[in-house]
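Working notes, beginning with the structure itself.
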């Protein structure tokens with residue numbers, strides 16, 4: 002089950018409150034520090050927020066995120082007060098997941114079919130190469146004795162190459 006994490010940041014200012022809004026915040030990894038027992042990842046997001054109470058939503062955070070380790074800082078031209086930080090798991094509807102899964106599975110099948118076609122083309126080309134090498138090796142050999150093998154003329158060889166090449 003895919004999980005969508007939402008980090009809720011309630012930011013208020015001293016100005017007149019405005020209606021609350023959910024704001025998508027696209028964060029980027031700014032720094033990573035690796036420790037023997039884990040890692041610290043710093044993400045940065047730049048968001049324009051009007052005065053009032055708002056919820057910032059961060060998608061695609063790791064599934065093993067520990068909510069108690071989340072820290073939030075704000076910076077701006079006016080006074081900023083971070084009222085609270087709340088981390089919640091928001092479940093993505095299974096319809097969305099199923100639709101995405103079907104698209105991915107269809108693409109995987111298309112690529113598998115394309116690869117099978119290319120593999121068969123390679124196998125055919127290798128067979129044609131081997132046949133031509135055998136024909137070339139025997140073209141200047143001794144003629145067969147009476148009753149051993151049938152000799153082919155140029156027309157027969159041309160038809161054979163057309164047959165093999167047309168596979």
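Residue numbers (the working numbering): 2 to 168.
In this text, a Cβ means the ideal position worked out from N, Cα and C, and glycines have one as well.
Can you list, in chain order, the residues of its chain whose CB lies under 7 Å from that of residue i, leaving out five sequence neighbours each side?
i           : result
residue 40  : 33 and 34
residue 132 : 165
residue 44  : 28, 29, 30 and 31
Nearest CA to the CA of residue i: which residue from the options?
i           : options              : result
residue 67  : 148, 90 and 96       : 90
residue 69  : 58, 87, 59 and 115   : 87
residue 71  : 101, 113, 42 and 132 : 42
residue 139 : 158, 64, 117 and 148 : 158
Would you please state the rounded distance, in angstroms, between the beta carbons of residue i and residue j? I believe it to be under 8 Å.
i          : j          : result
residue 77 : residue 83 : No, residue 77 and residue 83 are not in contact; Cβ-Cβ is about 11 Å, not under 8 Å.
Does the separation of the CB atoms of residue i and residue j fall below 9 Å?
i           : j           : result
residue 24  : residue 48  : yes
residue 136 : residue 161 : yes
residue 27  : residue 46  : yes
Going by DSSP, which residues form a beta bridge with residue i?
i           : result
residue 159 : Beta-bridge pairing links residue 159 to no other residue.
residue 22  : 55
residue 29  : 45
residue 40  : 35
Under 8 Å Cβ to Cβ from residue i, same chain only, skipping five residues before and after it: list those, please.
i           : result
residue 108 : none
residue 155 : none
residue 122 : none
residue 126 : none
Starting from the C-beta of residue i, find all residues in its chain whose C-beta is less than 6 Å away, skip the five residues before and the five after it, and write them out in chain order.
i          : result
residue 15 : Its pLDDT being 33, under 50, residue 15 is placed unreliably by the model, and nothing is read from it.
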